[in-house]
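Novice: Below: one structure in structure tokens.
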Amino acid sequence: MERVQAGHVPILGLQRDPNGPVRDGRFAGKHILSVKQFSKADIQYVFSVAEEMRTMVELVGTFDLLKGKVLACLFYSPSTRTSSSFIAAINRLGGGAIPISEVKFSSVSKGESLPDTVRTLQAYADVIVLRHHETGAADTAARYCKKPIINAGDGVGEHPTQALLDLFTIQEERGTLDGLTVTMLGDLKYGRTVHSLARLLTLFNVKVRLVSPESLRFPPGILEEVRAKGLQVTEHTSMEDVVPDTDILYVTRVQKEYFEDLKAYEAVQGSYVITSETMKLARKDMVLMHPLPRVGEISMEVDDDPRAAYFRQVQYGLYVRMALLAMVLGRA
Amino acid sequence: MERVQAGHVPILGLQRDPNGPVRDGRFAGKHILSVKQFSKADIQYVFSVAEEMRTMVELVGTFDLLKGKVLACLFYSPSTRTSSSFIAAINRLGGGAIPISEVKFSSVSKGESLPDTVRTLQAYADVIVLRHHETGAADTAARYCKKPIINAGDGVGEHPTQALLDLFTIQEERGTLDGLTVTMLGDLKYGRTVHSLARLLTLFNVKVRLVSPESLRFPPGILEEVRAKGLQVTEHTSMEDVVPDTDILYVTRVQKEYFEDLKAYEAVQGSYVITSETMKLARKDMVLMHPLPRVGEISMEVDDDPRAAYFRQVQYGLYVRMALLAMVLGRA
Amino acid sequence: MERVQAGHVPILGLQRDPNGPVRDGRFAGKHILSVKQFSKADIQYVFSVAEEMRTMVELVGTFDLLKGKVLACLFYSPSTRTSSSFIAAINRLGGGAIPISEVKFSSVSKGESLPDTVRTLQAYADVIVLRHHETGAADTAARYCKKPIINAGDGVGEHPTQALLDLFTIQEERGTLDGLTVTMLGDLKYGRTVHSLARLLTLFNVKVRLVSPESLRFPPGILEEVRAKGLQVTEHTSMEDVVPDTDILYVTRVQKEYFEDLKAYEAVQGSYVITSETMKLARKDMVLMHPLPRVGEISMEVDDDPRAAYFRQVQYGLYVRMALLAMVLGRA
Chain A
1 MERVQAGHVP ILGLQRDPNG PVRDGRFAGK HILSVKQFSK ADIQYVFSVA
51 EEMRTMVELV GTFDLLKGKV LACLFYSPST RTSSSFIAAI NRLGGGAIPI
101 SEVKFSSVSK GESLPDTVRT LQAYADVIVL RHHETGAADT AARYCKKPII
151 NAGDGVGEHP TQALLDLFTI QEERGTLDGL TVTMLGDLKY GRTVHSLARL
201 LTLFNVKVRL VSPESLRFPP GILEEVRAKG LQVTEHTSME DVVPDTDILY
251 VTRVQKEYFE DLKAYEAVQG SYVITSETMK LARKDMVLMH PLPRVGEISM
301 EVDDDPRAAY FRQVQYGLYV RMALLAMVLG RA
Chain B
1001 MERVQAGHVP ILGLQRDPNG PVRDGRFAGK HILSVKQFSK ADIQYVFSVA
1051 EEMRTMVELV GTFDLLKGKV LACLFYSPST RTSSSFIAAI NRLGGGAIPI
1101 SEVKFSSVSK GESLPDTVRT LQAYADVIVL RHHETGAADT AARYCKKPII
1151 NAGDGVGEHP TQALLDLFTI QEERGTLDGL TVTMLGDLKY GRTVHSLARL
1201 LTLFNVKVRL VSPESLRFPP GILEEVRAKG LQVTEHTSME DVVPDTDILY
1251 VTRVQKEYFE DLKAYEAVQG SYVITSETMK LARKDMVLMH PLPRVGEISM
1301 EVDDDPRAAY FRQVQYGLYV RMALLAMVLG RA
Chain C
2001 MERVQAGHVP ILGLQRDPNG PVRDGRFAGK HILSVKQFSK ADIQYVFSVA
2051 EEMRTMVELV GTFDLLKGKV LACLFYSPST RTSSSFIAAI NRLGGGAIPI
2101 SEVKFSSVSK GESLPDTVRT LQAYADVIVL RHHETGAADT AARYCKKPII
2151 NAGDGVGEHP TQALLDLFTI QEERGTLDGL TVTMLGDLKY GRTVHSLARL
2201 LTLFNVKVRL VSPESLRFPP GILEEVRAKG LQVTEHTSME DVVPDTDILY
2251 VTRVQKEYFE DLKAYEAVQG SYVITSETMK LARKDMVLMH PLPRVGEISM
2301 EVDDDPRAAY FRQVQYGLYV RMALLAMVLG RA
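Structure, rendered in structure tokens:
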């Protein structure tokens, strides 16, 4: 299998879209820390590579674009879903992984600082995927690390690869990002993914509708921020009013851990459950998304509806993470 | 190294037994959930592939039959032995693994259901090995998963790969399965492996002897089931009576966790210990097996006896698991 | 990529130093249990291979010298740093790893003995890296294991790969081991690494200075042992007296877990902190080392000083561990 030069030739001889973005290797050696670092052209770049990854996985499953590269998966707060996704991504590109999810037992528990930990791991690995419970941890790590850091979630801060895969899902499911009405539903206060997705959507011509109980409204600061960038946003409390005109329905999990009172949790948790009845209100081409895991926000009876895209969303995540790994390692 | 087509040509040019089973790829894309799904011909198929795996490992250690394939090792109740065996198996076939043994920290602990977890993992992996504490979990997972599920133990239910490796051990050690006297010893009530092995033995012409304390007798329901299928079974309490005529002595661990009372455990635990003295009663060609781990049921002084097959049994397990992976992935 | 014959040809066509040690494959199939097993010629052998590993990693990152080999990483007491280092090492040599750091959940917790565990793992893996909390565990494991065991730390006993990487760091940073003054600072009582390093240094023409608080002095028994072998050693309590003449300053972590009283810990912990002021006293070519993790013994302001070698030391560790793996597997 021939090896490709960084960003200059298509992966394994795929015919590349002549109208697609020029591959200038702009992400080679870069950290992926925040959605804020991505321009519209950057996102088109990521998606162009992610589509090639999709084609390659569908054709051959795995290929050796990153053969010999080693990924350190440093998870201070474990997330099977995200770490599995990155380990699968590096495996499908022919590279290897060092999974580190037992941070509580590690040097860190002996008092080692994050800067020392990443400076140790950069001696072993070519790229570090970091999940951390403290907001800003990825930025700190990046300041000390010569190898690319990919932020896989830091506290209530950023989770840029999730936001990119959410956006890529919309692109793949609908063929465009412009002209759509995107409805976000559920916990819009603590749901990190909807904040990041809203920021990315400011780059496109979309309408956003926010549906939540009063106690879980979208944070005013971020709302102001995205409106200042021209995003059309309206707030609602009733799901039934907005579902019929919705192109993308993005449902979030209401996280029990943010409630002091179990009753308050249950009241809110049950208030926006998507059922077969809800889907009858929706358009034939609506796309139903969820970052997963779900705990009842979408009834299992909806799973077989072709509009239910949340398991395909997982698959798109693999392609986006493969693309990001190849890009920061200078191979796409 | 040339790649082989599914089930049609021998692995890497090995001369295949012309009297062996026709390789029709019958397991491609199938789940491995229960010993009950295997006919005698199926077992011959598995063993024929497992013997090729043995030859290849002995010749070259590792080969690229499953290069590019990714195994998700999803262990809700951790088992170093079984997960290590599967990770070694996929490694020796050139593929990669996603080890997930920290299920308590994962999405599952956030309330995710098994169906959602396997539908997520099938986006990343080509095959899923599942261990779960609930009987029937593997069946549930299989209903929702498009990729093959291999049941690596579900509660007190099934552990089919263990039963197959036990049977393969007998085949390899004695050259046949027919005409043997198999004695099962120890905890026959809770010992999942002896139940599955007994079921598989109904396919062959063997005599089975069950030796246990009264409180740990083989479950009457399963006993009736295997007798109805024609298996000759007798029950005993004294080991000394049956050892001299035994071809295969299968010793099981008495699991402390099933006893409320430590004294009752100790009384039973010590009652059937295999020592050098026991081995003096046994035939020169007897095969001594144990699913491991042991906690004293076989004295360490027996380890150097050539009839002690329990560490070879571990090795045979690698070959059987390599065979099953190659088969469900359509490569054997 | 051509495969090389064990120890007979240079790795991937590298020009080998004609004055270097003859590669006779003397470590093929051997255990690495203690620094005491290494002669001066052995160490030159290890370092000669480690330098080739360094060259190869700098040139190509990863190469297939151990393609198809499987490493079992059996850690009874978890150490992210050491296990990551070995997993990276086998990955960069093209092999695979079975990480086992959850020993508390494993067969071991069901009462399995170390001899049984290693006899199980040798059926799956080609080499076993073992960390254990009990002194002597590696020797026990080696007695039962046909595959090479590499001791990655057993209790307060040995940690030979750390000692070898420490020595290799001195060699690489200063170009020689002879004629140097090596100062060891901090916890010299419980610090396993300084004991092993001192033993290795007896093979070379060096002066050793030991600086510690009274309560953490170097163990008299080991002091006597290394002096009997001709090592020139002096003991000190003041850092300032010895730093100016020091070639190698080896700082150790004061481990909180060894103190019953937090106050006593803090008094000692703060007594030998390396700061920019300390570095002003030091020679321009002094090499500052630390086995990491550190918890304040070296101020972060020193990190950018070119004499601060502790993160390079981590990198050298990768090369040494790659060398040891290749050697015991008969490939160097």
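Protein chains in written order, with our numbering: chain A, 1 to 332; chain B, 1001 to 1332; chain C, 2001 to 2332. We treat Cβ as the ideally placed atom computed from N, Cα and C, and that holds for glycine. Treat the numbers as computed from the prediction; the structure is a model and nothing was measured.
Within the continuous alpha helix (DSSP H) that includes M1184 of chain B, where are the two ends?
Specialist: On the second sequence, residue 1184 of chain B is found 184 positions in, with the first residue counted as 1. Counting along the chain, M1184 of chain B falls outside any alpha helix (DSSP H), though it belongs to the beta strand (DSSP E) covering 1181–1185.
Novice: Determine the closest residue to A1117 of chain B out of B:L1033, B:I1149, B:G1096, with distance taken between C-alpha atoms.
Specialist: Here the question's residue 1117 of chain B lines up with position 117 in the second sequence. The question names Ala, but residue 1117 of chain B is Thr in the sequence shown. Here the closest residue by C-alpha is B:I1149.
Novice: Please confirm whether T2169 of chain C has its beta-carbon closer than 9 Å to some beta-carbon of chain A.
Specialist: Within the third sequence, the letter at position 169 stands for residue 2169 of chain C. Chain A, which has no Cβ nearer than 9 Å to the Cβ of T2169 of chain C, makes this no.
Novice: Would V1226 of chain B and T1183 of chain B be called neighbours here (beta carbons separated by less than 9 Å)?
Specialist: As a first step, residue 1226 of chain B is located in the second sequence; it is residue number 226 there, counting from the start. As a first step, residue 1183 of chain B is located in the second sequence; it is residue number 183 there, counting from the start. In this structure, T1183 of chain B does not lie closer than 9 Å to V1226 of chain B by Cβ.
Novice: Going along chain A in order, which residues have a C-beta closer than 9 Å to the C-beta of G1025 of chain B?
Specialist: In the second sequence, counting from the first residue as 1, residue 1025 of chain B sits at position 25. Correct list: empty, because the minimum Cβ distance to chain A is about 18 Å.
Novice: According to DSSP, is F2302 of chain C helix, strand or coil?
Specialist: As a first step, residue 2302 of chain C must be located in the third sequence, where it is residue number 302. What sits at residue 2302 of chain C in the sequence shown is Val, not Phe. Note: V2302 of chain C maps to helix in three-state DSSP.
Novice: Note down the Cα distance separating R1217 of chain B from G1230 of chain B, rounded to an integer number of angstroms.
Specialist: Position 217 of the second sequence, counted from the start, is the residue given in the question as residue 1217 of chain B. Position 230 of the second sequence, counted from the start, is the residue given in the question as residue 1230 of chain B. The alpha-carbon atoms of R1217 of chain B and G1230 of chain B are separated by roughly 20 Å.
Novice: Straight-line CA distance for I43 of chain A to K147 of chain A?
Specialist: As a first step, residue 43 of chain A must be located in the first sequence, where it is residue number 43. As a first step, residue 147 of chain A must be located in the first sequence, where it is residue number 147. So the two alpha carbons sit approximately 22 Å from each other.
Novice: Who are the near neighbours of Y250 of chain A in its chain, counting only those whose CB is closer than 6 Å to its CB and skipping five residues on each side?
Specialist: Counted from its first residue, the first sequence places residue 250 of chain A at position 250. Cβ neighbours of Y250 of chain A beyond the five flanking positions: M184, M289.
Novice: Mind checking which residues open and close the beta strand (DSSP E) that includes Y2076 of chain C?
Specialist: Translated into positions along the third sequence, residue 2076 of chain C becomes position 76. That residue, Y2076 of chain C, is in no beta strand (DSSP E); it is neither H nor E in DSSP.
Novice: Kindly indicate which residue of B:G1095, B:T1082, B:S1084 has the alpha-carbon position closest to the one of D1064 of chain B.
Specialist: In the second sequence, residue 1064 of chain B corresponds to position 64, counting from 1. Here the closest residue by C-alpha is B:G1095.
Novice: Quick one: which chain C residues come within Cβ less than 7 Å of Q1315 of chain B?
Specialist: For the purposes of this step, residue 1315 of chain B is identified with residue 315 of the second sequence, where counting begins at 1. Result: A2123.
Novice: Hey, how far is the Cα of A152 of chain A from the Cα of I274 of chain A?
Specialist: As a working mapping, residue 152 of chain A is identified with position 152 in the first sequence. As a working mapping, residue 274 of chain A is identified with position 274 in the first sequence. If you take the alpha carbons of A152 of chain A and I274 of chain A, they lie about 28 Å apart.
Novice: Which word fits K36 of chain A, buried or exposed, when buried means at least 16 other C-beta atoms lie within 10 angstroms of its C-beta?
Specialist: Reading the first sequence from its first residue, position 36 is the one you call residue 36 of chain A. By the 10 Å Cβ count, K36 of chain A comes out exposed.
Novice: Less than 8 Å between the CB atoms is what I'm expecting for A2380 of chain C and E2158 of chain C, so what's the real figure, rounded?
Specialist: In the structure as shown, chain C begins at 2001 and stops at 2332. Residue 2380 of chain C is therefore absent and cannot be evaluated.
Novice: Does the region 255–272 of chain A come within contact of the region 304–320 of chain A, defined as at least 3 CB pairs closer than 8 Å?
Specialist: With the cut-off at 8 Å, the region 255–272 of chain A and the region 304–320 of chain A do not touch.
Novice: Run down chain A in chain order and give the residues with a C-beta less than 9 Å from the C-beta of A965 of chain B.
Specialist: Because chain B here runs from 1001 to 1332, residue 965 of chain B falls outside it and cannot be looked at.
Novice: Taking DSSP as the reference, what is the three-state secondary structure of V226 of chain A?
Specialist: Position 226 of the first sequence, counted from the start, is the residue given in the question as residue 226 of chain A. Of the three classes helix, strand and coil, the one that applies to V226 of chain A here is helix, per DSSP.
Novice: Rounding to the nearest angstrom, what Cα-Cα distance links M279 of chain A and V302 of chain A in this structure?
Specialist: Numbered from 1 along the first sequence, position 279 holds the residue referred to as residue 279 of chain A. Numbered from 1 along the first sequence, position 302 holds the residue referred to as residue 302 of chain A. So the alpha carbons of these two residues sit roughly 8 Å apart.
Novice: At a cut-off of 8 Å, would you count E1058 of chain B as near the ligand GTP, judging by its Cβ distance to the nearest heavy atom?
Specialist: Among the ligands in the structure shown, none appear at all, so the ligand GTP cannot be discussed.
Novice: Distance, Cα to Cα, L2201 of chain C vs A1141 of chain B?
Specialist: Within the third sequence, residue 2201 of chain C is the residue found at index 201, counting from 1. Within the second sequence, residue 1141 of chain B is the residue found at index 141, counting from 1. For L2201 of chain C and A1141 of chain B, the distance between alpha carbons rounds to 58 Å.
Novice: Among all the DSSP beta bridges, which residues are the ones paired with P291 of chain A?
Specialist: Here residue 291 of chain A corresponds to residue number 291 of the first sequence, with the count starting at 1. For P291 of chain A, which the question treats as bridged, DSSP gives no partner whatsoever.
Novice: Taking the C-alpha atoms as reference points, what is the distance between T2080 of chain C and A2089 of chain C?
Specialist: Numbered from its first residue, the third sequence carries residue 2080 of chain C at position 80. Numbered from its first residue, the third sequence carries residue 2089 of chain C at position 89. Distance between the alpha carbons of T2080 of chain C and A2089 of chain C: 14 Å.
Novice: Inspect the beta-carbon positions of L1329 of chain B and L1074 of chain B and report whether they are closer than 9 Å.
Specialist: The residue given as residue 1329 of chain B occupies position 329 in the second sequence. The residue given as residue 1074 of chain B occupies position 74 in the second sequence. No, Cβ-Cβ distance for L1329 of chain B and L1074 of chain B is not below 9 Å.
Novice: Which value, in whole angstroms, describes the spacing of the CA atoms of E2172 of chain C and G68 of chain A?
Specialist: For the purposes of this step, residue 2172 of chain C is identified with residue 172 of the third sequence, where counting begins at 1. For the purposes of this step, residue 68 of chain A is identified with residue 68 of the first sequence, where counting begins at 1. Answer to the nearest angstrom: the Cα atoms are 25 Å apart.
Novice: With 9 Å as the C-beta to C-beta threshold (strictly closer), list the residues of the region 2178–2198 of chain C near chain B in chain order.
Specialist: Those residues of the region 2178–2198 of chain C that come within reach of chain B (Cβ to Cβ, closer than 9 Å) do not exist; the list is empty.
Novice: Considering only the beta carbon of each residue, do M300 of chain A and V243 of chain A sit closer than 9 Å?
Specialist: Within the first sequence, numbered from 1, the residue matching residue 300 of chain A stands at position 300. Within the first sequence, numbered from 1, the residue matching residue 243 of chain A stands at position 243. Not a contact, by the Cβ cut-off of 9 Å.
Novice: Between which two residues does the beta strand (DSSP E) holding T2140 of chain C run?
Specialist: Here residue 2140 of chain C is taken as the residue at index 140 of the third sequence, counted from 1. Not the beta strand (DSSP E): T2140 of chain C falls in the alpha helix (DSSP H), residues 2137–2144.
Novice: Do you know offhand how far Q2162 of chain C's Cα is from V1049 of chain B's?
Specialist: Indexing the third sequence from 1 puts residue 2162 of chain C at position 162. Indexing the second sequence from 1 puts residue 1049 of chain B at position 49. Q2162 of chain C and V1049 of chain B: Cα-Cα distance of roughly 43 Å.
Novice: Does G2029 of chain C come within less than 9 Å of chain B when only Cβ atoms are used?
Specialist: Taking the first residue of the third sequence as 1, we reach residue 2029 of chain C at position 29. No, because no Cβ of chain B sits closer than 9 Å to the Cβ of G2029 of chain C.
Novice: Hey, out of B:Q1255, B:E1277, B:R1054, whose CA is closest to M1239 of chain B's CA?
Specialist: If you number the second sequence from 1, residue 1239 of chain B lands on position 239. Of the candidates B:Q1255, B:E1277, B:R1054, the one whose C-alpha sits nearest the C-alpha of M1239 of chain B is B:E1277.
Novice: Residues of the region 1273–1294 of chain B in Cβ contact with chain C at a cutoff of 7 Å, in chain order, please.
Specialist: Listed by position, the residues of the region 1273–1294 of chain B near chain C (Cβ gap below 7 Å) are L1292, P1293, R1294.
Novice: Which bits of chain B does R386 of chain A rub up against, with CB to CB less than 7 Å?
Specialist: Only positions 1 to 332 of chain A appear in this structure, which leaves residue 386 of chain A out of reach.
Novice: Give the range of the alpha helix (DSSP H) segment to which D2241 of chain C is assigned.
Specialist: As a first step, residue 2241 of chain C must be located in the third sequence, where it is residue number 241. 2239–2242 is the extent of the alpha helix (DSSP H) around D2241 of chain C.
Novice: Cα separation between V1206 of chain B and L1177 of chain B?
Specialist: Translated into positions along the second sequence, residue 1206 of chain B becomes position 206. Translated into positions along the second sequence, residue 1177 of chain B becomes position 177. Straight-line Cα distance between these residues: approximately 7 Å.
Novice: Please confirm if V60 of chain A has its CB atom under 9 Å from at least one CB of chain B.
Specialist: Within the first sequence, numbered from 1, the residue matching residue 60 of chain A stands at position 60. Output row for V60 of chain A: interface = yes.
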